[in-house]
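All remarks here apply to the structure that follows.
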Amino acid sequence: MDSDSSPADVFSTQLCPWLFEPYALLENAHREGQLGHGWLLTGPAGVGKLNLALAMANRLLNPDAAAPARLPAADANTAMTTRHEPAGHHPDLHWVFPEPKKRSISVAQIRQTADALMLTSLYGQAKIVIVEPADALTLEAANALLKTLEEPTRDTYLFLVSHQAGHLPATIKSRCQTLSLPQPPLESSLNWLSAQPGGVSRADWAQLLVLAGGSPFRALTLYENEYHNKNRCFEEKFQLISERKLDPQEVAEEWLKQDIELPLTWLSIRLQRVIQARMAPDVSNPVTDLGSDRLHNTWRALTLRGLFGRLEATETLLGQLGRGTNADLALRVLLLDFQPRRGRT
């Protein structure tokens with residue numbers, strides 16, 4: 231990424247290769263005068279929803295701007311990692327995200343944005359709001375945003391980026407058009423990831439993609455976090471918990487001192503792989519081929535229903551981070567559930 235380019239510049243003027251099609255859909259709707267003022271961009275975390283929102287924002291704010299170029303993975307990774315650091319962007323772009331050291335978007339942030347929208351556009355073009363992620367809105371913030379969605383000012387467009395749209399109030403969803411972004415094809419993601427410098431083999435990227443559940447940005451994050459080393463650590467801890475050789479409360483205390491999103495994401499992906507392997511025992515692929523996996527074999531004592539229950543609890547906790555949930559208690563209960571007890575599966 232050019233040292234003079236901000237993350238907003240990078241994501242506004244370039245697109246991940248699998249996003250050109252949904253971008254064209256939005257651009258055509260705008261060209262035909264049918265682009266609604268509220269858009270809910272949904273899909274798994276790590277597929278580039280923010281990139282699409284910023285690229286479309288640039289199109290609306292700068293009608294004469296060149297078409298987006300192809301975004302290299304290395305630049306995308308840098309931009310994603312630094313996107314919330316102080317940096318300039320278009321004055322008519324109102325980009326709302328959790329404040330430092332917080333996981334939720336407050337009602338004060340939404341009210342401040344609503345006040346800004348009442349002012350005239352600085353350059354006489356559109357006014358754009360991007361909420362990232364919309365899942366982080368508190369209930370009060372969501373209610374405040376609803377007023378803007380119901381009565382938007384002229385030439386105002388709102389893009390709500392959501393990884394778990396099911397957690398959003400129905401009133402918010404009903405005021406938006408929804409555009410779902412699925413995980414890109416495996417080959418497309420692999421080509422994109424393996425084209426960047428750094429010495430990571432295509433096979434290693436394939437493994438990271440499997441661990442990331444197919445989401446390319448999550449694969450980049452796992453690589454940046456030295457996930458191969460942490461993966462072994464997480465595996466070992468759950469193996470010991472499952473053998474009653476390690477106190478789950480000890481692990482919970484360790485994780486709570488750090489960012490618990492990474493281990494919870496790992497656990498979610500791990501459970502999904504085991505469930506897929508259990509449901510398709512005769513299908514061998516990088517996701518389900520876990521026959522020699524020690525932890526997978528240990529978890530054979532868990533019923534499929536039990537695995538789904540633990541996955542649901544993990545996903546629920548992930549989705550509630552920053553929403554006032556007692557993460558301490560919820561994490562302790564979740565980890566304790568992996569310690570075998572007589573008669574429980």
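Numbering (this note's numbering), first residue to last: 231 to 575.
Quick reminder that beta carbons are idealized off the backbone N, C-alpha and C, glycines included.
Note that this is a predicted model, so its numbers are computed, not measured.
For the set S431, V504, L551, the Cα lying nearest the Cα of L486 is the one of L551.
The three-state secondary structure of I335, taken from DSSP, is strand.
Secondary structure of H397 (DSSP, three-state): helix. The Cβ atoms of S351 and D322 lie closer than 8 Å to each other.
DSSP, reduced to helix, strand and coil, places F250 within a helical segment of the structure shown. Counting only the Cα atoms, R384 lies some 58 Å from R530. H314: not part of any alpha helix (DSSP H); DSSP gives it neither H nor E. C-alpha of A560 to C-alpha of P493: approximately 14 Å in a straight line.
Look at F327 here: in three-state DSSP terms it is coil, with no helix or strand label.
Counting along the chain, the unbroken beta strand (DSSP E) around S392 starts and ends at 386 to 392. For V361, the pairing in a beta bridge is given by DSSP as V326, L390. Using a Cβ distance threshold of 8 Å, L367 and I335 count as a contacting pair.
Exposed is the label assigned to M509, since fewer than 16 other Cβ atoms lie within 10 Å of its Cβ.
R300 is bridged by DSSP to L245. Pairing A400 with A317 gives a Cβ-Cβ distance that is not under 8 Å. With a 10 Å radius around the Cβ and a threshold of 16 neighbouring Cβ atoms, S431 comes out exposed. Per DSSP, the continuous beta strand (DSSP E) segment holding G268 begins and ends at 268 to 272.
With a cutoff of 8 Å on beta-carbon distance, L541 and P478 are scored as not near each other. With a minimum length of 3 residues, the unbroken runs of beta strand (DSSP E) contained wholly in the region 402 to 436 fall at 407 to 410. Contact between H267 and P412 does not hold, since their C-beta atoms are separated by about 25 Å, which reaches or exceeds 8 Å. Between T408 and T533, the gap from beta carbon to beta carbon reaches 8 Å or more. Contact check for P570 against R503 fails: the beta carbons are separated by 8 Å or more. For G276, the closest of E251, M310, L398, A543 by C-alpha to C-alpha distance is M310. Annotation: E381 is outside any alpha helix (DSSP H) and is labelled neither H nor E by DSSP.
In the assembly as shown, A433 is an exposed residue. Its beta-carbon has fewer than 16 other beta-carbons within 10 Å. Taken through DSSP and simplified to helix, strand or coil, L551 comes out as coil. Beta-carbon to beta-carbon, V337 and I360 are separated by about 18 Å, too far to satisfy the 8 Å threshold.
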